[in-house]
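Have a look at the structure below before the remarks.
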Amino acid sequence: MADDLTAALARLAAWAEPRLRADPDLAAAVAAVARAVAAWADGVPAPAEAPPPVAAPPVPPPPPPVPISQLPPIRFHLDPPPPTPIPVHHDDRELALVPAPLVADRCRAKGEACRLVARRLTDPPGARDPGAEAALQARAAGLPDCNLWMLNREPVVTAPRAWDDLGGAFAAAAEASLLLHAWEQSPGPVADRLAPVVLGLAAEAQSVLLYAVADVRDVRMDYDQVQLFARVRTTARDRHIFIPRFLKREDRADPANWPDVVRRVAEVRGQFQTVGDRDRYRAKALNNLRFKVGRIRERPDAAAGEWARVLELVDELVAGGLPPSHAELRDTLLPITEDVPDDPPPPANVQLVLREIDRYLDSRPEADVPPRPPRPTPEVAEAADLLRGREVVLIGGQARPVHKAALMRAFGLADVRWLVTPEHTSFTVFEPDIARPEVALVLLAIRWSNHDYDNVKEYCDAYGKPLVRLPGGYNANQVAYHILAQAGARLRAARTAAAAG
2 MADDLTAALA RLAAWAEPRL RADPDLAAAV AAVARAVAAW ADGVPAPAEA
52 PPPVAAPPVP PPPPPVPISQ LPPIRFHLDP PPPTPIPVHH DDRELALVPA
102 PLVADRCRAK GEACRLVARR LTDPPGARDP GAEAALQARA AGLPDCNLWM
152 LNREPVVTAP RAWDDLGGAF AAAAEASLLL HAWEQSPGPV ADRLAPVVLG
202 LAAEAQSVLL YAVADVRDVR MDYDQVQLFA RVRTTARDRH IFIPRFLKRE
252 DRADPANWPD VVRRVAEVRG QFQTVGDRDR YRAKALNNLR FKVGRIRERP
302 DAAAGEWARV LELVDELVAG GLPPSHAELR DTLLPITEDV PDDPPPPANV
352 QLVLREIDRY LDSRPEADVP PRPPRPTPEV AEAADLLRGR EVVLIGGQAR
402 PVHKAALMRA FGLADVRWLV TPEHTSFTVF EPDIARPEVA LVLLAIRWSN
452 HDYDNVKEYC DAYGKPLVRL PGGYNANQVA YHILAQAGAR LRAARTAAAA
502 G
């Protein structure tokens with residue numbers, strides 16, 4: 002490479018020499034350049050020597066360790082995890098939400114206007130329907146802020162399919178708005194369980210509308226689409242519900258998919274309608290039941306005509322899904338539970354309710370309602386003449402001092418031996434009480450007793466004691482009726498024999 006450089010410089014010198022001789026000015030300029038380069042070379046400073054190293058200061062010794070016992074206690078402050086972020090449009094702003102039914106009405110009007118545009122763009126093209134457009138404009142004028150922008154200008158996109166899809170997208174948005182309204186008006190377990198489904202469908206419907214509006218290229222955005230998006234986003238944020246799809250611009254829903262969205266929205270909305278109808282029926286039936294029970298309590302002697310409807314209402318409520326242990330149903334029937342007629346036997350659903358009321362009273366003795374003393378029937382007086390001063394064995398249910406005292410008072414009994422035993426206990430435990438000579442008869446509360454207790458009849462027969470089965474409660478009038486119907490003849494015969502002896 003050095004030889005090449007030398008040769009190049011030699012050629013340059015050979016080329017420059019005759020020119021420098023012939024041109025004094027050029028020669029003077031080259032000489033000046035050479036002197037300047039030499040001067041620069043002489044003025045370059047020599048590299049400075051490195052300064053001597055500076056000794057580092059001595060490191061102080063570490064402090065002595067602190068005993069663990071003298072350290073302050075360690076406290077942890079655990080902040081709750083932040084809620085799951087909800088994806089939103091980057092350019093979205095807070096805005097006041099209008100009622101969802103109003104959004105639905107405006108979307109329906111806009112959807113019909115889009116269908117008019119689609120019809121105008123089909124064969125024959127350009128044909129308008131002034132009457133239909135005027136009617137829609139008048140309808141929109143009656144709705145706050147309802148702008149039928151699609152009728153106010155000539156369409157940019159002239160494909161009828163785009164406008165048909167936009168009309169369907171508005172219909173889907175209307176149905177989604179009504180679904181949100183029904184969901185917001187239906188608190189309870191069903192609404193909580195369906196919350197992600199409802200908000201997810203509404204998010205999809207607004208995305209369908211967003212891109213259907215974009216496809217016709219007439220406006221940048223539609224106000225009702227923004228309203229629906231804002232309602233979904235705000236509700237999801239306030240209730241901490243994550244919506245994974247259709248709340249970002251890049252997550253696009255196909256406008257042509259609007260029929261499927263409408264179908265799915267209708268299916269979910271039907272569930273809320275069914276629940277709402279059921280709840281309205283329950284409220285009406287419970288109100289009617291309270292009215293009937295009030296009439297029975299006010300005029301018990303004239304209540305015979307009310308009982309059939311009371312039992313029918315209870316049966317219908319339980320058959321419709323109301324739990325037999327429902328607190329409102331229980332509290333309504335509690336004051337008259339001992340007065341429920343047992344001839345004919347109540348429907349099975351009513352018996353379930355009565356059993357749950359009895360279980361409630363067993364677990365809450367303080368809730369035991371003192372029986373309202375009904376006007377005694379002639380049967381009560383006759384049964385009292387046959388039982389006065391004697392004892393009665395009562396098997397089944399839960400011993401209740403208030404009811405026991407009422408029976409003793411009504412029939413003049415010396416005692417009511419109320420036998421309460423755990424479930425699946427053998428009937429043999431009742432023999433000593435039945436055998437007592439002071440016992441005049443045995444009452445078996447079959448509504449609550451174990452089926453095995455029917456075998457106590459063996460002991461009743463062995464010791465000559467009548468067995469009376471009570472299908473209902475402990476109302477003295479009902480007890481007297483069943484005593485006389487099932488054992489009246491034996492008790493009268495026993496009294497006659499005792500008098501003759």
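Going by the numbering used here, the first residue of the sequence shown is number 2, and it counts up by one from there.
Every residue gets a Cβ at the ideal spot worked out from N, C-alpha and C, and that includes glycine.
Local conformation of residue i per DSSP, three classes
{"i": "residue 246", "result": "coil"}
{"i": "residue 395", "result": "strand"}
{"i": "residue 440", "result": "strand"}
{"i": "residue 414", "result": "coil"}
{"i": "residue 457", "result": "helix"}
{"i": "residue 445", "result": "strand"}
{"i": "residue 503", "result": "Nothing can be reported for residue 503, as the shown portion of the chain is limited to 2 through 502."}
{"i": "residue 469", "result": "strand"}
{"i": "residue 420", "result": "strand"}
{"i": "residue 199", "result": "helix"}
{"i": "residue 153", "result": "coil"}
{"i": "residue 479", "result": "helix"}
{"i": "residue 147", "result": "coil"}
{"i": "residue 474", "result": "coil"}
{"i": "residue 123", "result": "coil"}
{"i": "residue 492", "result": "helix"}
{"i": "residue 31", "result": "helix"}
{"i": "residue 390", "result": "coil"}
{"i": "residue 20", "result": "helix"}
{"i": "residue 45", "result": "Residue placement at residue 45 cannot be trusted, given a pLDDT of 49 that sits under 50; what the coordinates show is reported in the next sentence. DSSP places residue 45 in coil when its eight states are reduced to three."}
{"i": "residue 13", "result": "helix"}
{"i": "residue 160", "result": "coil"}
{"i": "residue 187", "result": "coil"}
Residue i, buried or exposed, once every other Cβ within 10 Å from all chains shown has been counted against 16
{"i": "residue 18", "result": "exposed"}
{"i": "residue 285", "result": "exposed"}
{"i": "residue 439", "result": "exposed"}
{"i": "residue 178", "result": "buried"}
{"i": "residue 151", "result": "buried"}
{"i": "residue 380", "result": "buried"}
{"i": "residue 492", "result": "buried"}
{"i": "residue 249", "result": "exposed"}
{"i": "residue 412", "result": "buried"}
{"i": "residue 333", "result": "buried"}
{"i": "residue 190", "result": "exposed"}
{"i": "residue 270", "result": "buried"}
{"i": "residue 34", "result": "exposed"}
{"i": "residue 430", "result": "exposed"}
{"i": "residue 268", "result": "exposed"}
{"i": "residue 476", "result": "buried"}
{"i": "residue 132", "result": "exposed"}
{"i": "residue 186", "result": "exposed"}
{"i": "residue 462", "result": "exposed"}
{"i": "residue 231", "result": "buried"}
{"i": "residue 7", "result": "exposed"}
{"i": "residue 91", "result": "For residue 91, the predicted structure reports a pLDDT of 39, less than 50, and the residue's modelled location is therefore unreliable. A value from the coordinates is still provided. Looking at its Cβ environment, which holds fewer than 16 other Cβ atoms inside 10 Å, residue 91 is exposed."}
{"i": "residue 347", "result": "buried"}
Beta-carbon contacts of residue i that lie in its chain and below 8 Å, excluding the five residues immediately before and after
{"i": "residue 283", "result": "318, 321, 323"}
{"i": "residue 16", "result": "none"}
{"i": "residue 156", "result": "118, 122, 164, 217, 219"}
{"i": "residue 488", "result": "442, 467, 468, 469"}
{"i": "residue 134", "result": "114, 117, 152"}
{"i": "residue 294", "result": "311, 333, 334, 336, 337"}
Other residues of its chain near residue i: CB distance less than 6 Å, five sequence neighbours each side excluded
{"i": "residue 460", "result": "432, 435"}
{"i": "residue 254", "result": "205, 208, 209, 247"}
{"i": "residue 175", "result": "105, 108, 109"}
{"i": "residue 481", "result": "380, 381, 384"}
{"i": "residue 144", "result": "106, 107"}
Cβ shell of residue i (< 7 Å), same chain only, five flanking positions each side left out
{"i": "residue 466", "result": "435, 440, 442, 443"}
{"i": "residue 485", "result": "380, 383, 384"}
{"i": "residue 329", "result": "287"}
{"i": "residue 326", "result": "357"}
CB contact below 7 Å: residue i versus chain B
{"i": "residue 387", "result": "Given the protein chain composition of this structure (a single chain), no chain B is represented."}
key: Ordered list of beta strand (DSSP E) runs contained in the stretch 205 to 279, each at least 3 residues   = none
query = So, do the stretch 190 to 198 and the stretch 113 to 133 have three or more beta carbon pairs nearer to each other than 8 Å?
reply = no
key: Every unbroken alpha helix (DSSP H) within the stretch 285 to 372, with a cutoff of 4 residues, ordered by chain   = 305 to 320, 328 to 334, 349 to 364
Meets three-Cβ-pair contact criterion under 8 Å: the stretch 258 to 266 and the stretch 152 to 172 = yes
message = If contact is defined by three or more beta carbon pairs under 8 Å, each pair taking one atom from either stretch, is the stretch 307 to 318 in contact with the stretch 345 to 363?
response = yes
task = Taking 8 Å as the threshold, find out whether the stretch 181 to 190 comes into contact with the stretch 111 to 119 through three or more Cβ pairs.
result = no
message = Quick check: the stretch 96 to 107 against the stretch 208 to 222, are at least 3 beta-carbon pairs closer than 8 Å?
response = no
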